[in-house]
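Letter 124 of the sequence shown, counting from 1, is numbered 124 in UniProt numbering, and no numbers are missing.
Inspection log for the structure reproduced underneath, given as structure tokens.
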Amino acid sequence: IMSQAEGQQKNLVQAIEALPNSGPLTALDQDLLLLKATSAATLSCLGECLSLLQQSMHQVGQQHNRTLSSEGILGWPGPKSHSTEELKNGALSSLSSASANITWAIVPSAAQDAQALQPNTEHSASELILVEDEMTDTEDNEEEDLGVMDDQRSVILHLISQLKLGMDLTRVVLPTFILEKRSLLEMYANFMAHPDLFLSIAAGATPEERIICFVEYYLTAFHEGRKGAVAKKPYNPIIGETFHCSWDVPKDKVKAFRTNGASTASKDSAKELGQDQSTCYKLRFVAEQVSHHPPVSCFYCECKEKKMCVNAHVWTKSKFMGMSIGVSMVGEGVLHLLEHEEEYVFTLPSAYARSILTIPWVELGGKVNINCARTGYSATVTFHTKPFYGGKVHRVTAEVKHNPTNTIVCKAQGEWNGTLEFTYSNGDTKVIDTTKLPVIRKKIRPIANQGPLESRRLWQHVTSSLKEGNIDAATEHKHRLEERQRAEERQRAALTTPWKPKYFAKEGDGWLYVNPLWKT
């Protein structure tokens, strides 16, 4: 019956696509597009249901000690024409095409707005970014929580009707109205919105305290990076695009582990070393788009005084999965605590967004690992996607483990954009409400002082047009950027000159900042 239904759906799609492009009934008729989308969703839903029934039959069979051969259960192999391969990055089956909500990616699929743009002048990597020029950022990242307008809905329906299951979205140009008013590189900077928690990691007295502090920071980083309830997509960075900012973190805000008092130990050692006893730590951040195919962004963040830095490279990979789009963030980051000679390797969750035809919303999913080989501590963080029926949204659970003794030293549960509860091995508990955490605003140089390839200056006309609600002008500015990039990409291909990033160098599978703290 499933195969029969699949055949009927295929005939329906072919019949719709065979309609003329003009006249009373066209292939782009809104009701027909909706029919195409809904029938595909229904089919994948039925496929999910069938596999659930098969699983329960199998379990019943095992309980009765009956060996059911796999041939004994009729299977639906899934739509033959499409790849239904799950996202590698731990995407849970519940968020595959089973979701009958039309869903959308919120992290760039590095579409055609990521073609190359190279400055004609060669910059040395040590080009000075004057911190003195930086001013406290006044940009508000909130996006208006409006639903999708009717005229926009038909654009999205048209787009969805063009996509195939399992399709890679790298080269799909998305409509401008779903863009968020910032670059992906700036979104990574916003993950550092609680720099006091980040700097507190180094204040932990033992390896156990330090990894627990890292998990606390990690779990609170996402809600600020994803502002606004509406799922919108940041600009895809252009190759060579950079973003610089810094934070001044009051020293009395950097707390030692699990105590309310300031970290006196680190202050005393700072005095002994005769360091500048100003009232703030300086945390600097640089991000760069180092590759176009695949789309790879790198970022590096350091605090010299606390002898800590983090280096990460992320490749955003998006896939159309029936009625959902998933974006896996492939790659990893490494946190270096130089004082303790520790390195913490971590990965990032996948991102999803739901209900694009009404009010799109963001969801994170998948399992993330944090690992410190030197100390033998590791942590697993699981972002749970909402089940099809019932269940809570934005749920996250975590577990910190000492591997040599196989002991769990801390557990956490809650919502990544709400309240998180931590339970420690000694029975203590601690609650963090991410919505009440103080945000330390980043400092950024005014656009006038920025280089031509810095995010805010590069995208300024697209951003101002989006703010004014002038979608046509925003599309035009975006198109101009893309055209300029394509021309320079062709020029480079003709001269066979590979792109050379400014701040990062390729090392093995990853990318490293050219002048990291551990080298200096």
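Built from N, CA and C at the ideal position, the CB exists for glycine as well.
In terms of residues, what are the limits of the alpha helix (DSSP H) holding residue i?
i, result
"residue 462", "460 to 467"
"residue 36", "30 to 63"
"residue 184", "184 to 190"
If you run the structure through DSSP and keep just helix, strand and coil, what is residue i?
i, result
"residue 508", "coil"
"residue 304", "coil"
"residue 117", "Because residue 117 carries a pLDDT of 40, less than 50, the predicted location of this residue cannot be relied on, and the following value inherits that uncertainty. Residue 117 falls in the coil class under three-state DSSP."
"residue 333", "strand"
"residue 367", "strand"
"residue 477", "helix"
"residue 456", "helix"
"residue 207", "helix"
"residue 195", "helix"
"residue 429", "strand"
"residue 514", "coil"
"residue 181", "strand"
"residue 253", "helix"
"residue 283", "strand"
"residue 277", "Bear in mind that a pLDDT of 46 at residue 277, under 50, signals an unreliable position, so the model cannot answer this."
"residue 217", "helix"
"residue 482", "helix"
"residue 22", "coil"
"residue 319", "strand"
"residue 488", "helix"
"residue 248", "strand"
"residue 313", "strand"
"residue 136", "strand"
"residue 298", "strand"
"residue 471", "helix"
"residue 201", "helix"
"residue 520", "coil"
"residue 493", "helix"
"residue 238", "coil"
"residue 448", "helix"
"residue 94", "Low confidence applies to residue 94: its pLDDT is 30, below 50, so where it sits in the model is not reliable, and the reading given next is rough at best. Residue 94: helix per DSSP, three-state reduction."
Write down the C-beta distance between residue i and residue j rounded to the nearest angstrom, noting that I regard them as a contact closer than 8 Å.
i, j, result
"residue 309", "residue 285", "That belief does not hold up - the Cβ atoms of residue 309 and residue 285 are roughly 10 Å apart, past 8 Å."
"residue 396", "residue 219", "6 Å"
"residue 332", "residue 312", "7 Å"
"residue 416", "residue 348", "Not really, about 12 Å apart at Cβ, beyond 8 Å."
"residue 199", "residue 306", "5 Å"
"residue 291", "residue 314", "Residue 291 to residue 314, Cβ: 11 Å. No contact."
"residue 447", "residue 460", "6 Å"
"residue 374", "residue 342", "5 Å"
"residue 335", "residue 214", "7 Å"
"residue 411", "residue 419", "Not a contact, Cβ separation roughly 15 Å."
"residue 211", "residue 337", "Not really, about 10 Å apart at Cβ, beyond 8 Å."
"residue 289", "residue 370", "At roughly 25 Å, the Cβ-Cβ gap does not stay under 8 Å, so residue 289 and residue 370 are not in contact."
Tell me which same chain residues have a C-beta within less than 7 Å of the C-beta of residue i, skipping the five on either side of it?
i, result
"residue 253", "196"
"residue 506", "none"
"residue 19", "25, 26 and 27"
"residue 39", "9 and 12"
"residue 513", "300, 311, 503 and 504"
"residue 474", "176, 462, 465 and 466"
"residue 345", "332, 334 and 371"
Determine the extent of the beta strand (DSSP E) in which residue i is found, giving its start and end residues.
i, result
"residue 13", "Here residue 13 belongs to no beta strand (DSSP E); instead the alpha helix (DSSP H) covers 2 to 17."
"residue 441", "No beta strand (DSSP E) contains residue 441, which DSSP labels as neither H nor E."
"residue 399", "395 to 402"
"residue 233", "233 to 235"
"residue 420", "419 to 424"
"residue 503", "Element bounds for residue 503: n/a, residue is neither H nor E."
"residue 526", "Since the first residue shown for the chain is 1 and the last is 520, residue 526 is missing from the structure and cannot be characterised."
"residue 412", "407 to 415"
"residue 339", "Taken as a continuous stretch (DSSP letters only), residue 339 belongs to no beta strand (DSSP E), as it is neither H nor E."
What residues in its chain sit with their C-beta under 6 Å from that of residue i, if we drop five residues either side in the sequence?
i, result
"residue 386", "393"
"residue 445", "133 and 134"
"residue 222", "416"
"residue 247", "195, 283, 440 and 442"
"residue 404", "376"
Please work out which residues of its chain come closer than 8 Å, Cβ to Cβ, to residue i, disregarding the five sequence neighbours upstream and downstream, and give them in chain order.
i, result
"residue 407", "401 and 425"
"residue 192", "198, 221, 247, 283, 285, 301 and 442"
Relative to the ligand SAH, is the shortest distance from any of its heavy atoms to the C-beta of residue i smaller than 6 Å?
i, result
"residue 312", "Ligands displayed in this structure: none; no statement on the ligand SAH is therefore possible."
Is there contact here, the segment 423 to 432 with the segment 184 to 192, by at least three beta-carbon pairs under 8 Å?
-> Verdict: no, contact absent.
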